[in-house]
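Novice: Quick note, in our numbering, the sequence shown goes up one by one and the last residue is 548. The beta-carbon is built from N, C-alpha and C at its ideal position, and this holds for glycine as well. All figures in this text were calculated on a predicted structure; none of them were measured in a lab. Could you have a look at this structure, given as structure tokens, before my questions?
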Amino acid sequence: MTKAAIVGIAGTALLPDEAALFRAHPPAGVILFARNIQDPAQLAQLNTSLRRVLPRGAVLMVDQEGGRVARLRPPHWRTHPPAAAVGRLFAEQPAAGLRAAFLSGALIGLECADGGFDVSAAPVLDLIIPGASKVIGNRAFSRDPHGVARLGRAFAAGMLSAGVQPVGKHAPGHGRALVDSHLALPRVHTVDLRADLLPFAANTDLPWLMTAHVVYAAWDPNLPATVSRAVLQGVIRRRLGFGGVLVSDDLEMNALSGRPMERATAALAAGCDLALSGSGELATTLEVLAAVPRVTELATSRLAAARALAAHRRRPFDLAAMAAERDRLLA
């Protein structure tokens, strides 16, 4: 009975208590952070250990965007440019920018796949909004929604070609937030959010989207998107027509209130397919996994479709040639 949650672990090796918990309450996946990753040999051993105890079809996820959000880092892995660097190239040379976005997605995807991951939480489809919180900042491609839409699609295509499932984030748009949702709850009072929605609307065929812990007064003046049926069902599912896997942003962030199990069950009740709880604290993970329901049949079919898409799109690459080409484009 696979539980509708993706959870974290404490350190660089799977602990016996964690393995026992995952056997008793099998999660839909595990997400790894910098605290869990030292070098390729250690990572391979850890992911092998996780595969032994996780249910068939469970995902291994990592937050690997490039720029400052990277869990696979030098000296063992490449440095990848932030999305805004690709956006600047696109503004001057659109074809070169799109190619650089594809190459970044493919190079990041290849490193993730080689590390044993199925899913990477990228690309960012938010807008760069002057004066907003720097939590997004150069993680976004551009302030131009059409450019973000095209570059996000190219990046995701590159990742899929490496056999890794991309996650567009943070739906329905985090760029206007004036505070960091890791620290507090942002509230967006802008009424016309068509520009923010456009990159997501243009990428509704992505296999995954991640929600934003942001209140959008135009749609729900009380609840952040992650736990709002009005936003998840009314905007993301119906208005945008997204039919893929919908996963919450990390529920441990301070934008949300309540106990971890309450946050997780609220996100699922609002319309998320999976609740992401990444603290890695054993007591918290037990609380969440014990509380959340099993993965629904619809979510199971969405997860299967995401796996099939990445498998179908995967193709071989010359890694060194791709890296050299991207470096030339962004020089």
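(1) Span of the beta strand (DSSP E) holding H387?
(2) What separation, rounded to the nearest whole angstrom, lies between the Cα atoms of F334 and A275?
(3) Just verifying my parser: in three-state terms, what is the DSSP assignment at P510?
(4) With a CB to CB cut of under 7 Å and the five nearest residues on each side skipped, what residues in its chain are close to V452?
(5) Note the first and the last residue of the continuous beta strand (DSSP E) segment covering A472.
(6) Thinking C-beta only, is A379 closer than 9 Å to H430?
(7) By Cβ distance, which residues of its chain are closer than 8 Å to D203, with the 5 residues on each side in sequence left out?
(8) Are the CB atoms of A357 and A301 nearer to each other than 9 Å?
(9) Would you call the CB atoms of L491 and V512 closer than 9 Å?
(10) Beta-carbon within less than 6 Å of S465's beta-carbon, same chain only, minus the 5 sequence neighbours each way: which residues are those?
(11) On the CB-based measure, 16 or more other CB atoms within 10 Å of its CB, does D422 come out buried or exposed?
(12) For the structure I just gave you, are there three or more beta carbon pairs, one from the stretch 288-298 and one from the stretch 343-350, closer than 8 Å?
(13) From the DSSP output, which residues share a beta bridge with I223?
(14) Put G332 into one of helix, strand or coil per three-state DSSP.
(15) Three or more C-beta pairs under 8 Å: does that hold for the stretch 412-426 against the stretch 347-366?
(16) Can you look up V303 in the DSSP assignment and give me helix, strand or coil?
(17) Would you mind working out which of A318, G332, H297 and S321 sits nearest I248, comparing C-alpha positions?
(18) Looking at C-beta atoms only, is the number of pairs between the stretch 239-246 and the stretch 262-279 that lie closer than 8 Å three or more?
(19) Excluding sequence positions up to five away, which residues of its chain have a Cβ less than 7 Å from the Cβ of L306?
(20) What's the call for A528, buried or exposed, on a 16-neighbour Cβ count within 10 Å?
(21) With a Cβ-Cβ cutoff of 9 Å, do L263 and A308 count as a contact?
(22) Please specify which runs of the alpha helix (DSSP H), each continuous and at least 4 residues long, are wholly inside the stretch 242-296, giving them in chain order.
(23) Alpha carbons only, please: which of A447, H297, E469 and V509 is nearest the one belonging to K220?
(24) Could you say which of K351, H293 and A401 lies nearest to Q259 if we only look at CA atoms?
(25) Does the ligand ZN have even one heavy atom less than 8 Å from the beta-carbon of A541?
(26) Taking just the CA atoms, how far does H399 sit from V432?
(27) As a quick exercise: from G369, I353 and Q281, pick the residue whose alpha carbon is nearest that of H297.
Specialist: Checking against the coordinates, here is how it stands:
(1) Locating residue 387 in the sequence shown gives position 170, where the first residue counts as 1. Note, H387: beta strand (DSSP E), Q382 to A388.
(2) One-based indexing of the sequence shown puts residue 334 at position 117. One-based indexing of the sequence shown puts residue 275 at position 58. So the two alpha carbons sit approximately 11 Å from each other.
(3) Position 293 of the sequence shown, counted from the first residue, corresponds to residue 510. Three-state result, P510: coil.
(4) Locating residue 452 in the sequence shown gives position 235, where the first residue counts as 1. If we look at V452 and ignore the five residues flanking it on each side, its Cβ neighbours are P389 and W436.
(5) What you label residue 472 is simply residue 255 of the sequence shown in a count that begins at 1. Segment: none, A472 is in no beta strand (DSSP E) and carries neither H nor E.
(6) Residue mapping note: residue 430 aligns to position 213 of the sequence shown, counting from 1. Residue mapping note: residue 379 aligns to position 162 of the sequence shown, counting from 1. No, they are not a contact pair.
(7) Residue 203 falls outside the range modelled here, since the chain spans only 218 to 548, and no answer is possible.
(8) Mapped onto the sequence shown, residue 357 falls at position 140. Mapped onto the sequence shown, residue 301 falls at position 84. A301 sits close to A357, with the two beta carbons spaced by under 9 Å.
(9) Stepping through the sequence shown from its first residue, residue 491 is reached at position 274. Stepping through the sequence shown from its first residue, residue 512 is reached at position 295. A contact, by the Cβ cut-off of 9 Å.
(10) To locate residue 465, count along the sequence shown from 1; it is residue 248. The residues are T428, T443, A484, C489, A492 and L493.
(11) For the purposes of this step, residue 422 is identified with residue 205 of the sequence shown, where counting begins at 1. Label assigned to D422: exposed.
(12) no
(13) Taking the sequence shown and counting its residues from 1, one reaches residue 223 at position 6. Looking at the DSSP assignment, I223 forms a beta bridge with G246 and L493.
(14) Mapped onto the sequence shown, residue 332 falls at position 115. In the structure shown, G332 sits in coil (DSSP, three-state: anything other than H, G, I, E or B).
(15) yes
(16) To locate residue 303, count along the sequence shown from 1; it is residue 86. Residue state, collapsed to three classes: helix.
(17) Locating residue 248 in the sequence shown gives position 31, counting from the first residue. Measuring from the Cα of I248, the nearest candidate turns out to be G332.
(18) yes
(19) Taking the sequence shown and counting its residues from 1, one reaches residue 306 at position 89. Once the five neighbours on either side are set aside, the close Cβ partners of L306 are A313, G314, A317, L546 and L547.
(20) Taking the sequence shown and counting its residues from 1, one reaches residue 528 at position 311. A528 should be labelled exposed.
(21) Residue numbering aside, residue 263 sits at position 46 when the sequence shown is read from its first letter. Residue numbering aside, residue 308 sits at position 91 when the sequence shown is read from its first letter. Against a cut-off of 9 Å, the Cβ pair of A308 and L263 comes out as no contact.
(22) 257-270
(23) Counted from its first residue, the sequence shown places residue 220 at position 3. Nearest option by C-alpha distance: V509.
(24) The residue given as residue 259 occupies position 42 in the sequence shown. The residue with the shortest Cα to Cα distance from Q259 is H293.
(25) Looking at this structure, you won't find the ligand ZN or any other ligand, since it has none at all.
(26) Along the sequence shown, read from residue 1 onward, the residue named residue 432 stands at position 215. Along the sequence shown, read from residue 1 onward, the residue named residue 399 stands at position 182. Answer to the nearest angstrom: the Cα atoms are 14 Å apart.
(27) Locating residue 297 in the sequence shown gives position 80, counting from the first residue. Checked all of G369, I353 and Q281; the closest Cα to H297 is Q281.
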